[in-house]
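*Asks:* Provided herewith is a single structure, encoded as structure tokens, for subsequent inquiry.
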Amino acid sequence: HREFTVFSDGEQIKTELSNTITEIEFVLVGFSDIPNLQWILFGVFLFIYLTILMCNSIIILITRIDPALHTPMYFFLSNFSFLEICYVTVTIPRMLMDLCMQKRNISLLACATQMCFVLMLGGTECLLLTVMAYDRYVAICNPLRYSLVMNHRVCTQLVAGSWISGIPVGIRHTYQIFSLPFCGSNRINHFFCDVPPILKLACGDTFVNEISVYVAAVIFLLVPFLFIVVSYGKIICNMMKLSSARGRAKAFSTCSSHLIVVVLFYGAATITYLQPKPHQAEGTGKLISLFYTILIPTLNPIIYTLRNKDIMMALRKLLAKLLT
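Counting from 1, position 256 in the sequence shown corresponds to residue 1635 in my numbering; the numbering is continuous, with no gaps.
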């Protein structure tokens, strides 16, 4: 088998294991199949990226400066907003550069780095959403013990654990995938270096890698999702016991935003990483990835602000201070 074939300045370069290592390059196809819309897409994605940065930065700012929001729920929300900024920054700037410059080559090292960060941040998001569900469970089902159970030390440890846990998994899977030999085409039919399209370019048997991806997806997707389902099952049972309709409405309002985000994120991520490889259509996979890497981070600030009275009140207070 050939190890890998790339094209540079019209000359064919073949990497070999026996001598010096030549840098391998991939080509991110992205949205090159619709050339007439390149600049329109650039404008749309640039606007979306700036919107995500601005909205999530505002959430982080108001949760820090408003004393009324110095609670565990908003501590987790500010960390989630920071995570969303990191997540989109890993993918969108590179996509904007490709749309603008029409130079879609990406080195193996840059591709591996992007994949590693996507996996790490994706794993962190799964765990952080689970932590936020646990916070709501304690607040609604054990309100008298809430301040004791969810103290600052515990909240910090839960957030730190969410961030740290994804690191070894991201590094391990990235190393395993990019240790495979690549042959034939170097064109990645995607707008970033994701696991499914990269595995399709690998030579030989990728069964072990696919099983490893499935196991990681089960651990970071299904297990946390089941924990969230159980938490909200208990929350709903507890809400039904409340005598006043006002109390039930207040309890539901603190959970509904989180539930919407959970359903959107886990639905898209599950289809991407748990769907059998032969049944993954490249175009469909690209659209689903676009959904959970760009659309959901755009919707998250809107969902959390418009459906949260405390955030809206803090935002009005901030605007009043800036305008006076």
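Virtual Cβ for every residue (Gly too), placed ideally from N, Cα, C.
Using only the alpha-carbon positions, how far apart do Phe-1496 and Phe-1586 sit?
*Replies:* If you number the sequence shown from 1, residue 1496 lands on position 117. If you number the sequence shown from 1, residue 1586 lands on position 207. Phe-1496 and Phe-1586: Cα-Cα distance of roughly 23 Å.
*Asks:* Quick one: grab the DSSP three-state call for Ser-1387.
*Replies:* Start at 1 with the first residue of the sequence shown, and residue 1387 comes out as number 8. For Ser-1387, the pLDDT reaches just 41, beneath the cut-off of 50, and the residue's location in the model is therefore unreliable, although a value from the coordinates is still provided. The answer is strand: DSSP assigns Ser-1387 an E or B state.
*Asks:* By Cβ distance, which residues of its chain are closer than 6 Å to Thr-1468, with the 5 residues on each side in sequence left out?
*Replies:* For the purposes of this step, residue 1468 is identified with residue 89 of the sequence shown, where counting begins at 1. Answer for Thr-1468: no residue qualifies.
*Asks:* Which residues mark the beginning and the end of the alpha helix (DSSP H) in which Asn-1565 is found?
*Replies:* Here residue 1565 refers to the residue found at position 186 of the sequence shown. Asn-1565 -> no alpha helix (DSSP H), and no H or E assigned at all.
*Asks:* Please report the straight-line C-alpha distance between Asp-1573 and Ala-1699, rounded to a whole angstrom.
*Replies:* Numbered from 1 along the sequence shown, position 194 holds the residue referred to as residue 1573. Numbered from 1 along the sequence shown, position 320 holds the residue referred to as residue 1699. Their backbone Cα atoms lie some 44 Å apart in a straight line.
*Asks:* Consult DSSP for Phe-1586 and reduce its assignment to one of helix, strand or coil.
*Replies:* Here the question's residue 1586 lines up with position 207 in the sequence shown. Phe-1586: helix per DSSP, three-state reduction.
*Asks:* Does chain C have any CB closer than 7 Å to the CB of Thr-1509?
*Replies:* Protein chain content of the structure displayed is limited to a single chain, and chain C is not contained in it.
*Asks:* Go to Phe-1706, then tell me how far its alpha helix (DSSP H) extends in each direction, as first and last residue.
*Replies:* Outside the displayed span of the chain (1380 to 1703) sits residue 1706, for which this structure offers no information.
*Asks:* Quick one: residues in its chain with C-beta nearer than 6 Å to the C-beta of Pro-1657, no 5 flanking neighbours on either side, listed in chain order?
*Replies:* Position 278 of the sequence shown, counting from 1, holds the residue named residue 1657. Residue placement at Pro-1657 is flagged as unreliable, the pLDDT there being 46, under the threshold of 50; the coordinate-derived value follows with that caveat. For Pro-1657, where only same-chain residues beyond five positions count, there are no Cβ hits under 6 Å.
*Asks:* For the segment 1434-1498, which segments carrying the beta strand (DSSP E) assignment without a break, of at least 3 residues, lie completely within its bounds, in sequence order?
*Replies:* DSSP runs (the beta strand (DSSP E)) wholly in the segment 1434-1498: 1484-1486.
*Asks:* Thinking C-beta only, is Ile-1650 closer than 7 Å to Ile-1675?
*Replies:* Stepping through the sequence shown from its first residue, residue 1675 is reached at position 296. Stepping through the sequence shown from its first residue, residue 1650 is reached at position 271. No, Cβ-Cβ distance for Ile-1675 and Ile-1650 is not below 7 Å.
*Asks:* Consult DSSP for Val-1408 and reduce its assignment to one of helix, strand or coil.
*Replies:* In the sequence shown, counting from the first residue as 1, residue 1408 sits at position 29. In the structure shown, Val-1408 sits in coil (DSSP, three-state: anything other than H, G, I, E or B).
*Asks:* Would you call the segment 1638-1649 and the segment 1592-1606 in contact, with 3 or more CB pairs under 8 Å?
*Replies:* Enough Cβ pairs lie closer than 8 Å, so yes.
*Asks:* Express the C-alpha separation of Phe-1557 and Ile-1590 in angstroms, rounding to a whole number.
*Replies:* In the sequence shown, counting from the first residue as 1, residue 1590 sits at position 211. In the sequence shown, counting from the first residue as 1, residue 1557 sits at position 178. Looking at the two C-alpha atoms, the distance is approximately 16 Å.
*Asks:* With distances taken between CB atoms, is the gap from Ile-1607 to Ala-1512 smaller than 7 Å?
*Replies:* Taking the first residue of the sequence shown as 1, we reach residue 1607 at position 228. Taking the first residue of the sequence shown as 1, we reach residue 1512 at position 133. In this structure, Ala-1512 lies closer than 7 Å to Ile-1607 by Cβ.
*Asks:* For the alpha helix (DSSP H) holding Ser-1526, just list the boundary residues, first then last.
*Replies:* Numbered from 1 along the sequence shown, position 147 holds the residue referred to as residue 1526. Start and end: 1525-1528.
*Asks:* Starting from Leu-1416, trace the alpha helix (DSSP H) both ways and give me its first and last residue.
*Replies:* Working through the sequence shown from its first residue, we reach residue 1416 at position 37. No alpha helix (DSSP H) holds Leu-1416; DSSP gives it neither H nor E.
*Asks:* Return yes when the Cβ of Val-1406 is within less than 7 Å of the Cβ of Asn-1568, no when it is not.
*Replies:* Position 189 of the sequence shown, counted from the first residue, corresponds to residue 1568. Position 27 of the sequence shown, counted from the first residue, corresponds to residue 1406. No; because the gap between Cβ atoms is not below 7 Å, this pair is not in contact.
*Asks:* Report all residues from its chain with a CB closer than 7 Å to the CB of Gln-1555; omit the five preceding and five following residues, and keep chain order.
*Replies:* Residue 1555 sits at position 176 when you count from the first residue of the sequence shown. Counting only Cβ-Cβ distances below 7 Å, and skipping sequence neighbours, we find Asn-1588, Ser-1591.
*Asks:* Between the C-alpha atoms of Leu-1498 and Thr-1703, what's the straight-line distance to the nearest angstrom?
*Replies:* On the sequence shown, residue 1498 is found 119 positions in, with the first residue counted as 1. On the sequence shown, residue 1703 is found 324 positions in, with the first residue counted as 1. Answer to the nearest angstrom: the Cα atoms are 44 Å apart.
*Asks:* Taking the alpha helix (DSSP H) that Thr-1553 belongs to, which residues open and close that run?
*Replies:* Reading the sequence shown from its first residue, position 174 is the one you call residue 1553. Taken as a continuous stretch (DSSP letters only), the alpha helix (DSSP H) holding Thr-1553 covers 1531-1557.
*Asks:* Does the distance from the C-beta atom of Leu-1475 to that of Phe-1410 stay below 7 Å?
*Replies:* Counting from 1 along the sequence shown, the entry for residue 1475 is found at position 96. Counting from 1 along the sequence shown, the entry for residue 1410 is found at position 31. No, the pair does not count as a contact, with Cβ atoms beyond the cut-off.
*Asks:* Buried or exposed: which applies to Asp-1412, given that a residue is buried once 16 or more other Cβ atoms fall within 10 Å of its Cβ?
*Replies:* Position 33 of the sequence shown, counted from the start, is the residue given in the question as residue 1412. It is exposed - the Cβ of Asp-1412 has fewer than 16 other Cβ atoms within 10 Å.
*Asks:* Where does Lys-1688 land, buried or exposed, given buried means 16+ other C-beta within 10 angstroms?
*Replies:* Taking the sequence shown and counting its residues from 1, the one referred to as residue 1688 is at position 309. The residue is exposed, with fewer than 16 neighbouring Cβ atoms inside 10 Å.
*Asks:* To which residues does DSSP link Ala-1581 through a beta bridge?
*Replies:* By one-based count along the sequence shown, residue 1581 stands at place 202. Phe-1561.
*Asks:* Measure how close the beta-carbons of Val-1510 and Phe-1455 come, nearest whole angstrom, since I'm counting them as under 8 Å.
*Replies:* Sequence index remark: in the sequence shown, residue 1510 carries index 131 (1-based). Sequence index remark: in the sequence shown, residue 1455 carries index 76 (1-based). Rounded, the Cβ-Cβ distance is 6 Å, consistent with contact.
*Asks:* Leaving aside the five residues before and after Trp-1542 along the sequence, list all residues of the same chain whose C-beta is less than 6 Å from its C-beta, in chain order.
*Replies:* Translated into the one-based positions of the sequence shown, residue 1542 becomes position 163. Only Thr-1503 meet the Cβ criterion.
*Asks:* Would you kindly work out how many angstroms separate the C-alpha atoms of Arg-1515 and Met-1529, rounded to a whole number?
*Replies:* On the sequence shown, position 136 is the one that residue 1515 refers to. On the sequence shown, position 150 is the one that residue 1529 refers to. Computed Cα separation, rounded: 10 Å.
*Asks:* Taking DSSP as the reference, what is the three-state secondary structure of Thr-1703?
*Replies:* Against the sequence shown, residue 1703 aligns to sequence position 324. Thr-1703: coil per DSSP, three-state reduction.
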